[in-house]
Every structure is written in C-alpha cells, then in structure tokens.
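Numbering (UniProt numbering), first residue to last: 1 to 436.
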Amino acid sequence: MNKLAEYLRNKLFWMIDALKGGQVKTHRKDIANILENFDSPASIDRRDTLLKNLLIHASETTPYYQKYANSKKLQDFPVVNKTIIRDNFEAFQSSLYKDKPQFQISTSGSSGTPFKAYWDKNKVLRNRADTIYFQGITGYEIGQRLYYIRKWLSKYKGSKLTMAMRNIEMVNVSDFSDDYLANLIKTLETDSSTKMLLSYSSALRDICNYLQKIKAGPVNSDITSIIAMADELGDDTRIKLNYYFNAPVHLRYSNQENGILSLQLSQENNTLQINWASYFIEVLHLDEDIPVAEGTLGRVVVTDLFNYGMPFIRYDTGDLAILTREGAYFNTSSVFKSIEGRKMDVLRDTKGNVISGFSIHHLETYPEIKQFQFVQQSSTMYCINLVVSQPVGKEFEIIEYFRDFLGSDAEIKIAYVDEIPKLNSGKRKLIVNTTT
C-alpha cells in the first residue's frame, strides 16, 4: 500500500506541474543539461547567459545596483553581506517585482541577527527543481517519505494535510530524549515506506550516540539515503550511520537565503559538487575581495542566478571553504573540498593561522563523549566542553592531540558540562571563537 501511495504521489506531482506548464520539469532538465555536460559549449554558453542576464536585470531595475549599469563583468560589482543588504533592504528589491507576489524567507539568526529576503516565483520553482534533481541522484524520488530532522519552528510547519500530501515526517530535535529517540527508531523499523533522512549533522550524531548507548544492532529500515546538513560530518559518525542504517551518507551545504549550493554526490570521496546550474560561486581571500588559489581556504561568495525579485550578487555567506577540481562528480567542474564553517567561528592556532574545523571531529572516536564543543578564548587559550556518559580517562591524550597542531604554547583545558546549548535553529555550535 505504501509503495502504491508513493507512486501515486509522484505521478500527481508531475501531473500538477504539467497542468501549470511543466515549469519544474523544465528547470530540472535545464539543471541536468548544464551539469551533466559541464564542459560542453552549450553548457558554458548557458551559464554565461544566465550570469549576463542577471547583471543586466539587476543594474536596470534594482536601486542598489543601478550605478553599475555600465559594468561589463561580475568582478565590477561589489561584494555584499547580510549587514549591507539589511541596511539597504528596499534598494535591493527589483522594481519589476515589488508589487508581485513573492515568497519571504528568513533565517533564525542563530549566528547573529535574524535576516530576511524575498524570492520571486521563478526562483521558488528553480529551488524546487534543484532539490528534486540533487536528491534524485542520492536515490530519493518525489513521493517517497522524507524524515526531516530539524527544529520545527511554526514558520516552517505546513498543515497536517500539506505534510501528508508531501509525505514529510517532522522530527523535532528540540524533543530529543531517550524515549523520543526510541520511538523514532521504532517508527523507522515499522514504517514500510521507502524513505530518506534529511537532518542536522548534530542530530545524526545524537541518534548514533543513542544507538551505541543501548548497544543496538543495525536498524531494519528501508532508507535509500541520508543527507546531513548545517555542519561537517566526522568519519566516525559516517561509519556509524552506514552500520546502523545501511544507507549512503551525503553532506549538503545550503542556506535559507539562497538554497542548495552544493551536495556530496559520490561515495568515493567527500567533495561537495557545486550547483553551477543555479549559482556562480567564488572563493575569495579572507581579507581582500580577490580569488584565492585552488586548495586555499577562502570566503564563500555566491551569485544567485535565479533570484530576480531580490538579486543576490557576490553575496558573502560568512562561510569558509576550500575549492578544488579533484574529485568532481561532473567533468571538469570545481567542487568544494571542504566547508570549514562560519568565518566568525574559525579556529586558529597560537600563531594566528586558520586550522581546519574538521580536526575537532577526532572527539567522535571516544565512545564516552556524547556532545562536544571547542571554544577558543584567546590567541593561546582553548577550552573543550564535553558531555559524557562516563569519565573519558584520556584527557591528557586529547589535550596533546590538539596541542600538536594548535601549538606547543597552547593552553588547553577540558570542561565537563551537562549540555551543549542549542542555538535558536536547534543546531549546536561545534566551534566558538570568542576572540573574533
């Protein structure tokens, strides 16, 4: 019965899209043509045209960009950020769309002040097609059940009918407890639907820790794939997820104001395929608006090729990443080697050099550690907050591990706490830098 319902939901979705002109299907086909033929003249021309048309539109209809009407290339436009957009909110809106229905998106402000923006109708459709295309590669199809694990604020919730029609099960990280997780695992085992888990990385760690604590074996559930978002995912958690759920694990990098920027598509490496079909992405120097060399850490700067209602051109996301051409899923395209998190919470050694945030996932290898957070308090002082099920007994080993790359003069202490506090979004910060 569930398989039939999945099939009917899929057919109904595409039937409704066809009645509306097949717009999502057209977008999905365009995304596939651009990415799957990335180095072809047609793909290159299509991407160039999308960028050129956006710049012309923005400079002709958006007050903030009117002064750049004679600019010939993207680099002539300024790099902007949340503060600039927030302070000039009206000036970033296109005069052609201000009186048309638009979709408001907003962030929780978990890492700062709340932020809002608008998407025009075509941007909403493109984002929907991006989601369908990329999740399709991971094995998920429209109509199958999606267990969406996040903090479910009221603004994100649809009606029960809407969620049932979309086949979404809302799993709230705010409710996580042993009893709640026990019921979740039982539901996954008894639910005969084909399903996918879409979850905060921190929530997936919590689920694995719970299963490890109760000495569970593999969970008998028909899960096609697991997509982790919001934070990097350590190898130890990936291994546990594969063991418990027997499903491939993919890391997604996205934000609410733009959409899906990249997704790990291959299981042969952990690189994240950039969505060049819908965005032009630059990785710029930490302190200058110039590109960094391949393999060098820099700021992620996004140009959204499809938001005409409120153009995002050279938008500094506040995130740091490393760009490479190695391990690309689509031929010759650049990919993210790693996403290093927020610039405001970057980890630095005692000499001021940026250290990969991925290094803190070493703490996942200690089964006693349930939650962790690495806090940089000064240029040489660090504190590791740990929530444990029992004493670790290897504090010296942990401190020496981190001192090896933070510096011999690093002063590192371990603090045992009852809980790592969650942000407004329901996520937990793994790195906090109080010096920035």
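C-beta: ideal position from N, C-alpha, C; glycine also.
Boundaries of the beta strand (DSSP E) in which residue i is found, first to last residue
i: Asn-361; result: The identity of residue 361 in the sequence shown is His, whereas the question assumes Asn. It is not in any beta strand (DSSP E) - His-361 carries neither H nor E in the DSSP assignment.
i: His-250; result: 249-255
i: Phe-374; result: 369-376
i: Asn-172; result: 168-172
i: Ala-415; result: 411-416
i: Tyr-118; result: 116-119
i: Asn-385; result: 381-388
i: Ile-239; result: From DSSP, Ile-239 is part of no beta strand (DSSP E) but of the alpha helix (DSSP H) over 235-245.
Residue i, enclosing alpha helix (DSSP H) - first and last residue
i: Trp-14; result: 2-19
i: Glu-397; result: 395-406
i: Val-24; result: 23-36
i: Thr-49; result: 41-61
i: Tyr-68; result: Note, Tyr-68: premise wrong, no alpha helix (DSSP H); not H, not E.
i: Ala-91; result: Segment: none, Ala-91 is in no alpha helix (DSSP H) and carries neither H nor E.
i: Leu-204; result: 201-213
Strand pairing of residue i, partner residues [DSSP]
i: Pro-291; result: Leu-284
i: Met-196; result: Leu-146, Ser-225
i: Gly-259; result: Asn-255
i: Leu-272; result: Phe-336
i: Ile-355; result: Leu-347
i: Val-80; result: Tyr-315
i: Tyr-133; result: For Tyr-133, which the question treats as bridged, DSSP gives no partner whatsoever.
i: Tyr-279; result: Asp-304
DSSP-derived helix/strand/coil call for residue i
i: Gln-104; result: strand
i: residue 459; result: Outside the displayed range of the chain (1 to 436) lies residue 459, so it cannot be described from this structure.
i: Asn-220; result: coil
i: Gly-298; result: strand
i: Tyr-140; result: coil
i: Leu-184; result: helix
i: Asn-433; result: strand
i: Val-124; result: helix
i: Gln-264; result: coil
i: Ala-86; result: The question names Ala, but residue 86 in the sequence shown is Arg. Helix.
i: Glu-189; result: helix
i: Lys-151; result: coil
i: Lys-160; result: helix
i: Asp-231; result: coil
C-beta neighbour in chain C for residue i, strict 7 Å
i: Asp-206; result: Looking for chain C here will not work: only one protein chain is present.
Quick one: which unbroken beta strand (DSSP E) runs of 3-plus residues sit fully inside the segment 301-353? Chain order, please. 315-324, 335-342
Would you call the segment 359-367 and the segment 68-79 in contact, with 3 or more CB pairs under 8 Å? no
Counting pairs of Cβ atoms below 8 Å between the segment 127-137 and the segment 26-41, do you hit three or more? yes
With a threshold of 8 Å, are at least 3 pairs of Cβ atoms found where one atom belongs to the segment 194-203 and the other to the segment 322-336? no
Check whether the segment 183-197 and the segment 289-304 are in contact - that is, three or more C-beta pairs closer than 8 Å. no
With three or more beta-carbon pairs closer than 8 Å as the criterion, would you say the segment 391-403 touches the segment 260-275? no
Counting beta carbon pairs with one atom in the segment 73-85 and one in the segment 316-325, are three or more of them shorter than 8 Å? yes
With contact counted as at least three CB pairs below 8 Å, one residue from each stretch, are the segment 221-241 and the segment 283-295 in contact? no
contact_flag[the segment 143-153, the segment 171-178] where n(CB pairs < 8 Å) is 3 or more: yes
Would you call the segment 12-22 in contact with the segment 232-246, where contact means no fewer than 3 C-beta pairs closer than 8 Å? no
Decide yes or no for the touch test of the segment 305-313 against the segment 90-99: beta carbon pairs closer than 8 Å, at least 3 of them. yes
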